[in-house]
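Undergrad: Just dropping this structure here.
Structure representation (structure tokens):
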């Protein structure tokens, strides 16, 4: 085997690997293909924005309750203050759940796109 | 603390890093191994490596220190660091993986079909990397000073030396294994002492010296503006960090990039429980550290203070080892991605060029670290996130989701963000920490929207410069890969 020195990443972005191929070659040249791609991008963007805004609203409501809710922050749950518990522990499952829901929905959008392209 | 403990821990971590690097080096032999090594690595390893690289001095030492200083306000830092990965998952992970770009300059060049954009992006990326390495070196200086009593410069110089040696000798090889190991080391190093301390305290029934909500420094609490601005910086800064992007290239396809990010979120959530617990313990049992300006050393000093004896020394050694794992992993990740960028744009990508670039990438921030003072670690890293969010984030987000982005728009946006946020950072440093008004101390809330606005307006004004390749590139970014098996 010849010795090759690897000094820097490849400039020309190579396809992911031999195992997978991009399926866009078949679609990007036709008008219908372009419309499918556009609607895929739009639905993925809408999904990402909905999840991001939902998460930020939850965060804002939580912060507002802790700051302005009288006595809420000082409430004790199992001997621990609620503001420490909510920000130190409680918010993380919300982040994880948002991510999990997003992953499922994004994969579903992609599956729908694949069905469309293959039906053609 | 026994000085030998700190030295021993540092040497052990450096040695372990070198040994794992060497072992990994023997696993990966062929050229393609170097590029795609991690495709044969399970997603758990990959996610651990991302966590290992991401959790820096700010997370390991800074978060607990800041919680000691400012209580619940500081809890927004770990929330922001973790939620930043959620934003990365939503807007960047899969498309960026599908772009096939290895660095951010690669991406902008391919997307906008312009060498000029590439050069400007490279400059910004190098600036971000340098800014981000400085707090790591401050952390190392602090750790060596506190644990061994040696002068501060020994710590930062030692970290730069170890990183330079490993990167120059090994390049990008086997870094995944090293980083993954360092995530688990960092988690152990934080979790074991905290759990031990909790058990001992529960056993003794020791009453806390100060109640949790008491503010040990008497500093005014951060206002709503500062917390919101900080969140903007952390949420939008994470997705532009140069060393994080490289790690996504090692996923086989877009879907697995998303799966890996989900695991990373889990790993980060578990990790941040422990700095939070340590910070709370510090507020209750060691409030005097905040008054003596040693808040960032809380994690290092807590086991010796609350347990003491041989057990305390052993736990301290573990914590110091974890801290150095944090400095080494983040610094080496940054140095590798920076030297890739520097060597390609400056030295034409030769081996000698890569090595020279690696030394440059590590030594310049060492100079900065000598010249500047240790701010609160988490705070100075927060500013780096603000800079990234004002420069790289608009280009990445608009490049991925908006066909109208042009090369001029991208350049104008990056320059605006860099001038505004960089200017605020310089002005804030000149007025001195604590004296700067909130809008200067935490610029993200206005500099990020300004950078977005300039990018969009200039792109619309130069509409005729939208590259002809935009349709091809956009479908490449968003269309799912298909397994060969189902191909006819």
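Residue numbers (the numbering used here), protein chains in the order written: chain X, -1 to 118; chain A, 104 to 591.
Don't be surprised by glycine CBs; every beta carbon is placed ideally from N, CA and C.
No experiment lies behind these values; they were computed from the predicted model shown.
1) Which residues in chain X have a C-beta closer than 7 Å to the C-beta of residue 358(A)? List them in chain order.
2) Measuring alpha carbon to alpha carbon, tell me which residue in 304(A), 485(A), 522(A) and 430(A) is nearest residue 265(A).
3) Does the Cβ of residue 330(A) have 16 or more other Cβ atoms within 10 Å, making it buried, or fewer, making it exposed?
4) Look at the alpha carbon of residue 278(A) and the alpha carbon of residue 284(A), and state the distance between them as a whole number of angstroms.
5) Which residue comes first and which comes last in the alpha helix (DSSP H) that contains residue 237(A)?
6) Please give the ranges of any alpha helix (DSSP H) in the stretch 412 to 484 of chain A, keeping only runs that are unbroken, at least 4 residues long and fully inside the region.
7) Given that a residue counts as buried once 16 or more other Cβ atoms are within 10 Å of its Cβ, and exposed if not, what is residue 369(A)?
8) Do you know how far the Cα of residue 218(A) is from the Cα of residue 212(A)?
9) Of the choices 116(X), 70(X) and 94(X), whose alpha-carbon is the least far from that of residue 373(A)?
10) Leaving out the 5 sequence neighbours to the left and right, which residues in its chain are closer than 6 Å to residue 116(A) when beta-carbon positions are compared?
11) Consider the Cβ of residue 296(A): report whether some Cβ of chain X lies at a distance smaller than 8 Å.
12) So, for residue 267(A): in the same chain, excluding its five sequence neighbours on each side, which residues have a beta-carbon less than 7 Å away from its beta-carbon?
13) In this structure, does DSSP put residue 569(A) in helix, strand or coil?
14) By the 10 Å Cβ neighbour count, where 16 or more other Cβ atoms means buried, how is residue 563(A) classified, buried or exposed?
15) Closer than 8 Å is the cut-off here; do at least three beta carbon pairs connect the stretch 343 to 351 of chain A with the stretch 435 to 444 of chain A?
16) In this structure, how does DSSP classify residue 70(X) when only helix, strand and coil are distinguished?
17) Run through DSSP, which three-state label would residue 44(X) get?
18) Is the distance from the Cβ of residue 367(A) to the Cβ of residue 153(A) below 8 Å?
19) From 556(A), 542(A) and 175(A), pick the residue whose C-alpha is nearest to that of residue 527(A); which is it?
20) Whole angstroms are fine: how far does the CA of residue 39(X) sit from the CA of residue 102(X)?
21) State the DSSP-derived secondary structure class of residue 76(X), mapped to helix, strand or coil.
22) In whole angstroms, what separates the C-alpha of residue 307(A) from that of residue 76(X)?
23) If you pair each beta-carbon of the stretch 189 to 203 of chain A with each one of the stretch 43 to 51 of chain X, do three or more pairs fall below 8 Å?
24) Confirm, please, whether the CB-CB distance from residue 185(A) to residue 207(A) is below 8 Å.
25) Taking a cut of 7 Å between CB atoms, which residues from the stretch 72 to 88 of chain X lie near chain A?
26) For residue 234(A), which of 569(A), 502(A) and 529(A) has the nearest alpha-carbon?
27) Is there a C-beta anywhere in chain A that falls below 8 Å from the one on residue 70(X)?
28) Can you list, in chain order, the residues of its chain whose CB lies under 6 Å from that of residue 419(A), leaving out five sequence neighbours each side?
29) Should residue 372(A) be flagged as near chain X, meaning a C-beta pair shorter than 8 Å?
30) Which residues in the same chain have their Cβ closer than 6 Å to the Cβ of residue 107(X), if we skip the five residues on either side of it in sequence?
31) Specify, as a first and last residue, the run of the alpha helix (DSSP H) that residue 148(A) falls within.
TA: On the basis of the data shown:
1) 105
2) 430(A)
3) buried
4) 10 Å
5) 218 to 251
6) 412 to 449 and 454 to 474
7) buried
8) 6 Å
9) 94(X)
10) 424, 427 and 428
11) no
12) 461, 462 and 465
13) coil
14) exposed
15) yes
16) coil
17) helix
18) yes
19) 542(A)
20) 16 Å
21) coil
22) 20 Å
23) yes
24) no
25) 79, 81, 82, 85, 86 and 87
26) 529(A)
27) no
28) 104, 108, 406 and 407
29) yes
30) 41 and 42
31) 146 to 157
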